[in-house]
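Undergrad: Chains A and B supply the protein sequences, listed in that same order. Residue numbering for the first sequence follows the UniProt record's numbering, beginning at 1 and increasing consecutively. Residue numbering for the second sequence follows the UniProt record's numbering, beginning at 1 and increasing consecutively. Positions of the beta carbon are idealized from the N, C-alpha and C atoms, including for glycine. Dumping the structure here so I can ask a few things about it.
Protein chains: 2
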Amino acid sequence: MYASNERLPLPPVATRRTAPRCSTCSRRFLCMPAELSAREFAQVDDIVGATRAIRRGGRLFSANDRFENVYKVRTGSLKTVLVHRDGVEQINSFFVAGETLGLDGLSVDRHACDAIALEDSSVCVIPFAELERMCLSIRAMQRHLHRAMSGEIVRESALVMLLGTMSAEQRVAAFLLNLSDRVGGRGYPREELELRMTREEIGSYLGLKLETVSRMLSKFARDGLIQARAKKVRIVDREGLEKV
Amino acid sequence: MYASNERLPLPPVATRRTAPRCSTCSRRFLCMPAELSAREFAQVDDIVGATRAIRRGGRLFSANDRFENVYKVRTGSLKTVLVHRDGVEQINSFFVAGETLGLDGLSVDRHACDAIALEDSSVCVIPFAELERMCLSIRAMQRHLHRAMSGEIVRESALVMLLGTMSAEQRVAAFLLNLSDRVGGRGYPREELELRMTREEIGSYLGLKLETVSRMLSKFARDGLIQARAKKVRIVDREGLEKV
DNA sequence: CGCGTGTTTGACAGTTTTCAAATTAGGTGG
DNA sequence: CCACCTAATTTGAAAACTGTCAAACACGCG
Numbered sequence: 001m002y003a004s005n006e007r008l009p010l011p012p013v014a015t016r017r018t019a020p021r022c023s024t025c026s027r028r029f030l031c032m033p034a035e036l037s038a039r040e041f042a043q044v045d046d047i048v049g050a051t052r053a054i055r056r057g058g059r060l061f062s063a064n065d066r067f068e069n070v071y072k073v074r075t076g077s078l079k080t081v082l083v084h085r086d087g088v089e090q091i092n093s094f095f096v097a098g099e100t101l102g103l104d105g106l107s108v109d110r111h112a113c114d115a116i117a118l119e120d121s122s123v124c125v126i127p128f129a130e131l132e133r134m135c136l137s138i139r140a141m142q143r144h145l146h147r148a149m150s151g152e153i154v155r156e157s158a159l160v161m162l163l164g165t166m167s168a169e170q171r172v173a174a175f176l177l178n179l180s181d182r183v184g185g186r187g188y189p190r191e192e193l194e195l196r197m198t199r200e201e202i203g204s205y206l207g208l209k210l211e212t213v214s215r216m217l218s219k220f221a222r223d224g225l226i227q228a229r230a231k232k233v234r235i236v237d238r239e240g241l242e243k244v
Numbered sequence: 001m002y003a004s005n006e007r008l009p010l011p012p013v014a015t016r017r018t019a020p021r022c023s024t025c026s027r028r029f030l031c032m033p034a035e036l037s038a039r040e041f042a043q044v045d046d047i048v049g050a051t052r053a054i055r056r057g058g059r060l061f062s063a064n065d066r067f068e069n070v071y072k073v074r075t076g077s078l079k080t081v082l083v084h085r086d087g088v089e090q091i092n093s094f095f096v097a098g099e100t101l102g103l104d105g106l107s108v109d110r111h112a113c114d115a116i117a118l119e120d121s122s123v124c125v126i127p128f129a130e131l132e133r134m135c136l137s138i139r140a141m142q143r144h145l146h147r148a149m150s151g152e153i154v155r156e157s158a159l160v161m162l163l164g165t166m167s168a169e170q171r172v173a174a175f176l177l178n179l180s181d182r183v184g185g186r187g188y189p190r191e192e193l194e195l196r197m198t199r200e201e202i203g204s205y206l207g208l209k210l211e212t213v214s215r216m217l218s219k220f221a222r223d224g225l226i227q228a229r230a231k232k233v234r235i236v237d238r239e240g241l242e243k244v
């Protein structure tokens, strides 16, 4: 529905068997608790078994797949898609570098959603059973995992609030601002957004039709809040957007 | 906004200091992992410090309160309310006996929502730091906590799907069916619902206005799917409701 | 038994969706 | 490197749905 190639036979997923080294990774403080000792980081290296490359439109996992791993985004970005019985779909999150996917699978040992790459991406694979075991001996790791899960709950709550109480205009504004904060948090300029998803995907996430998303972007541009052409959006008047 | 007494000075909250005994509680298998040994249950008894009674409209905790405990519902029912900056509110969950509240607070050490009793209720208080410590030594407890958190994520996802893709009619139908399953799961007759919340609260949860909720209930009654008078709802045609 | 809160219902307004068509962007093969 | 083709986006007009406002009714607490 979103990308026509999503459902094709088997997306080309290469699993590099060379274990990545968390201990020397530049993103390690994004992924792992800051308090880990060198010895503890060595344990992490043992656990993190592989990286996986996923092509645009390819799947990292599907709903109902056996839950075995959680994943950290190395490069690129992914979406997770909830599929209702009648085939109705909704995107319920977008993930960028450093963020954790897959924690939804733990409750019933099966994933609750599909995870699909928005662009060519790569992830680190963390076997959950081993992560859980490591949490038994490393307090900081336990706390880190708990925070990650709780953070997911809070993030979803924010989406619930957005869907339950905001107008189309407010939803799109909130979406842009949220994205801006996230890229900003990773050192990139806050005002320059490179949307990796289509209008339809944004709409799916925000509970709107693609035409409505497009109209709101046009309106913001007319009102001088943003400049938008295609996938590139520049935030011109951040305060204006916040007040929408 | 919902119950006028919510914001009054201090709700009368009695904290009984007599520790409850999980090891002999009839709901222990709802709250705790089934695999615990007698010795392990004794540890649980040590941790669970107190019960708390909350009057209708009283608060168990408020947004931004320091996160210290999670709570198990003993009797009654509660709602959690998200409050946006401008004071816009949305209910993001209802809790009944055996269910766990408060896990949202972990991510930033402060609660993200208000928890308010829908009727006179009581909860068991579990200091989270001690629960986390117990998880280090008892695998079953660790797994149990993780499942509870992940379950919360999945539950919120379902709400996101509902808010993002369903019509008013479908939302109300889904709400009734969900409630039916939950009371059914606890041994009560599936078809007889006693709503503990107002139309406005249902609407807040479903992202609808109270009038819309009322209209949908009337419509279902006209169509012979339910019988409704005031807070009592009987599900007459479950399949019909599912197909809405 | 009466008052206040909660609920139902109607008429109308506003927002978002639907359907349709024109325009633009992006990727591919020549 | 350009032309072409498909997918994505924009925009308009009309329809559908939900919200708003208002009034009457019912229930339950005290």
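To the nearest angstrom, how far is the alpha carbon of A:Ala38 from that of A:Leu145?
TA: Sequence index remark: in the first sequence, residue 38 of chain A carries index 38 (1-based). Sequence index remark: in the first sequence, residue 145 of chain A carries index 145 (1-based). Computed Cα separation, rounded: 19 angstroms.
Undergrad: Counting only Cβ pairs nearer than 8 angstroms, list the residues of chain A close to B:Asp104.
TA: The residue labelled residue 104 of chain B in the question sits at position 104 within the second sequence. Ordered by position in chain A, the residues that pass the 8 angstroms Cβ test against B:Asp104 are Ser150, Ile153, Val154, Ser157.
Undergrad: Going straight from the alpha carbon of B:Ser93 to that of B:Ala112, what length do you get?
TA: On the second sequence, residue 93 of chain B is found 93 positions in, with the first residue counted as 1. On the second sequence, residue 112 of chain B is found 112 positions in, with the first residue counted as 1. Computed Cα separation, rounded: 13 angstroms.
Undergrad: Return the CA-CA distance between A:Leu241 and A:Ala230, expressed in angstroms with no decimal places.
TA: For the purposes of this step, residue 241 of chain A is identified with residue 241 of the first sequence, where counting begins at 1. For the purposes of this step, residue 230 of chain A is identified with residue 230 of the first sequence, where counting begins at 1. Computed Cα separation, rounded: 19 angstroms.
Undergrad: Quick one: is A:Phe29 buried, meaning 16 or more other Cβ sit within 10 Å of its Cβ, or exposed?
TA: In the first sequence, residue 29 of chain A corresponds to position 29, counting from 1. When all chains shown are included, A:Phe29 counts as exposed.
Undergrad: So, does the CB of A:Asn92 fall closer than 9 angstroms to a CB anywhere in chain B?
TA: As a position in the first sequence, residue 92 of chain A is number 92, starting the count at 1. By this cut-off, A:Asn92 is an interface position.
Undergrad: On a CA-only basis, which of B:Val236, B:Ile235, B:Ile116 is nearest B:Ala53? Give me that one, please.
TA: Translated into positions along the second sequence, residue 53 of chain B becomes position 53. Residue B:Ile116 is the option with its Cα nearest to B:Ala53.
Undergrad: Excluding the five sequence neighbours on either side, which residues of its own chain have a C-beta within less than 7 angstroms of the C-beta of A:Gly224, listed in chain order?
TA: Counting from one through the first sequence, the residue named residue 224 of chain A turns up at place 224. Around A:Gly224: Val236, Asp237.
Undergrad: Against chain B, with Cβ distances strictly below 9 angstroms, would A:Ala14 count as a contact?
TA: The residue you call residue 14 of chain A lines up with position 14 of the first sequence. Bear in mind that the predicted position of A:Ala14 carries a pLDDT of just 49, short of 50, making it too unreliable to give a figure here.
Undergrad: Specify the secondary structure class of B:Val96 as computed by DSSP and reduced to three states.
TA: Within the second sequence, residue 96 of chain B is the residue found at index 96, counting from 1. In this structure, B:Val96 counts as coil in the three-state DSSP scheme.
Undergrad: Count the other CB atoms, across all protein chains shown, that sit within 10 Å of the CB of A:Thr80; report buried if there are 16 or more and exposed otherwise.
TA: The sequence position of residue 80 of chain A within the first sequence is 80, counting from 1. The residue is buried, with at least 16 neighbouring Cβ atoms inside 10 Å.
Undergrad: At which residues does the alpha helix (DSSP H) containing A:Asn178 begin and terminate?
TA: Translated into the one-based positions of the first sequence, residue 178 of chain A becomes position 178. Counting along the chain, the alpha helix (DSSP H) containing A:Asn178 begins and ends at 168-185.
Undergrad: May I ask you to list the residues that DSSP assigns as paired with A:Pro33?
TA: Along the first sequence, one-based indexing puts residue 33 of chain A at 33. According to DSSP, A:Pro33 bridges with nothing at all.
Undergrad: Who are the neighbours of A:Gly241 on chain B, taking C-beta pairs under 9 angstroms?
TA: As a working mapping, residue 241 of chain A is identified with position 241 in the first sequence. It is worth fixing the name first, because residue 241 of chain A is Leu in this sequence and not Gly. Result: empty, since nearest Cβ-Cβ is about 14 angstroms, beyond 9 angstroms.
Undergrad: Note the first and the last residue of the continuous alpha helix (DSSP H) segment covering B:Val244.
TA: Stepping through the second sequence from its first residue, residue 244 of chain B is reached at position 244. Neither: B:Val244 is in no alpha helix (DSSP H) and is coded neither H nor E.
Undergrad: From the beta carbon of B:Cys135, is the nearest beta carbon of chain A less than 9 angstroms away?
TA: Indexing the second sequence from 1 puts residue 135 of chain B at position 135. For B:Cys135, the answer is yes, since a Cβ of chain A falls inside 9 angstroms of its Cβ.
Undergrad: Specify, as a first and last residue, the run of the alpha helix (DSSP H) that B:Leu136 falls within.
TA: The residue given as residue 136 of chain B occupies position 136 in the second sequence. Per DSSP, B:Leu136 belongs to the alpha helix (DSSP H) from 128-137.
Undergrad: Between A:Ser137, A:Glu99, A:Tyr205, which has its C-alpha nearest A:Ser121's C-alpha?
TA: Position 121 of the first sequence, counted from the start, is the residue given in the question as residue 121 of chain A. Residue A:Glu99 is the option with its Cα nearest to A:Ser121.
Undergrad: Rounded to whole angstroms, how far is the Cβ of B:Val160 from the Cβ of B:Gly49, which I believe are closer than 8 angstroms?
TA: Within the second sequence, the letter at position 160 stands for residue 160 of chain B. Within the second sequence, the letter at position 49 stands for residue 49 of chain B. That belief does not hold up - the Cβ atoms of B:Val160 and B:Gly49 are roughly 34 angstroms apart, past 8 angstroms.
Undergrad: Rounded to whole angstroms, what is the Cα-Cα separation between B:Ser77 and B:Gln90?
TA: If you number the second sequence from 1, residue 77 of chain B lands on position 77. If you number the second sequence from 1, residue 90 of chain B lands on position 90. The straight-line gap from Cα to Cα measures roughly 17 angstroms.
Undergrad: Using the C-alpha atoms, what's the distance from A:Leu103 back to B:Ile153?
TA: The count along the second sequence starts at 1 and reaches residue 153 of chain B at position 153. The count along the first sequence starts at 1 and reaches residue 103 of chain A at position 103. About 8 angstroms.
Undergrad: Residues of chain B with CB closer than 8 angstroms to the CB of A:His84, please, in chain order.
TA: Mapped onto the first sequence, residue 84 of chain A falls at position 84. Under the 8 angstroms cutoff, chain B gives Met161, Thr165.
Undergrad: Taking Cβ to Cβ, would you say A:Arg190 is nearer than 9 angstroms to A:Ala97?
TA: If you number the first sequence from 1, residue 190 of chain A lands on position 190. If you number the first sequence from 1, residue 97 of chain A lands on position 97. No, the Cβ-Cβ distance between A:Arg190 and A:Ala97 is not below 9 angstroms.
Undergrad: Does the beta carbon of B:Arg147 come closer than 9 angstroms to any beta carbon on chain A?
TA: The count along the second sequence starts at 1 and reaches residue 147 of chain B at position 147. Cβ-Cβ to chain A under 9 angstroms: yes for B:Arg147.
Undergrad: Report all residues from its chain with a CB closer than 6 angstroms to the CB of A:Val183; omit the five preceding and five following residues, and keep chain order.
TA: As a position in the first sequence, residue 183 of chain A is number 183, starting the count at 1. Cβ neighbours of A:Val183 beyond the five flanking positions: none.
Undergrad: Taking 9 angstroms as the CB-CB limit, is A:Ser204 close to chain B?
TA: As a working mapping, residue 204 of chain A is identified with position 204 in the first sequence. Yes, A:Ser204 lies at the interface with chain B (some Cβ there is under 9 angstroms from its Cβ).
Undergrad: Since B:Lys231 is in the alpha helix (DSSP H), which residue starts that stretch and which ends it?
TA: Here residue 231 of chain B refers to the residue found at position 231 when the second sequence is read from its first residue. Looking at the DSSP string, B:Lys231 is not in any alpha helix (DSSP H), and its letter there is neither H nor E.
Undergrad: Determine the chain A residues that contact B:Glu169 at a beta-carbon separation under 9 angstroms, and present them in chain order.
TA: Position 169 of the second sequence, counted from the first residue, corresponds to residue 169 of chain B. In chain order: nothing, as chain A lies at least about 14 angstroms away.
Undergrad: At least one CB of chain B closer than 9 angstroms to the CB of A:Phe95: is that the case?
TA: Stepping through the first sequence from its first residue, residue 95 of chain A is reached at position 95. Answer no: the Cβ-Cβ gap between A:Phe95 and chain B never drops below 9 angstroms.
Undergrad: Taking 9 angstroms as the CB-CB cut-off, is A:Gln142 touching chain B?
TA: If you number the first sequence from 1, residue 142 of chain A lands on position 142. Chain B contact via Cβ: present.
Undergrad: Going by C-alpha to C-alpha distance, which of B:Arg133, B:Ser204, B:Glu201, B:Thr212 sits closest to B:Ala168?
TA: Counting from 1 along the second sequence, the entry for residue 168 of chain B is found at position 168. Residue B:Thr212 is the option with its Cα nearest to B:Ala168.
Undergrad: Alpha helix (DSSP H) containing A:Ala63: first to last residue?
TA: Reading the first sequence from its first residue, position 63 is the one you call residue 63 of chain A. A:Ala63 -> no alpha helix (DSSP H), and no H or E assigned at all.
Undergrad: Any beta carbon from chain A within less than 9 angstroms of B:Arg139's own beta carbon?
TA: Position 139 of the second sequence, counting from 1, holds the residue named residue 139 of chain B. At least one chain A Cβ lies under 9 angstroms of B:Arg139.
Undergrad: Assuming A:Ala34 contacts A:Asp114 (C-beta within less than 8 angstroms), just tell me the rounded distance between them.
TA: Translated into the one-based positions of the first sequence, residue 34 of chain A becomes position 34. Translated into the one-based positions of the first sequence, residue 114 of chain A becomes position 114. Between A:Asp114 and A:Ala34 the Cβ distance is about 32 angstroms, and since that is not below 8 angstroms, they are no contact.
Undergrad: Can you tell me the Cα-Cα spacing of A:Leu118 and B:Arg196, whole angstroms?
TA: Your numbering for residue 118 of chain A matches position 118 in the first sequence. Your numbering for residue 196 of chain B matches position 196 in the second sequence. The alpha-carbon atoms of A:Leu118 and B:Arg196 are separated by roughly 43 angstroms.
Undergrad: Are the Cβ atoms of B:Leu163 and A:Gly164 separated by less than 9 angstroms?
TA: As a first step, residue 163 of chain B must be located in the second sequence, where it is residue number 163. As a first step, residue 164 of chain A must be located in the first sequence, where it is residue number 164. It is a contact, given that the beta carbons lie within the stated cut-off.
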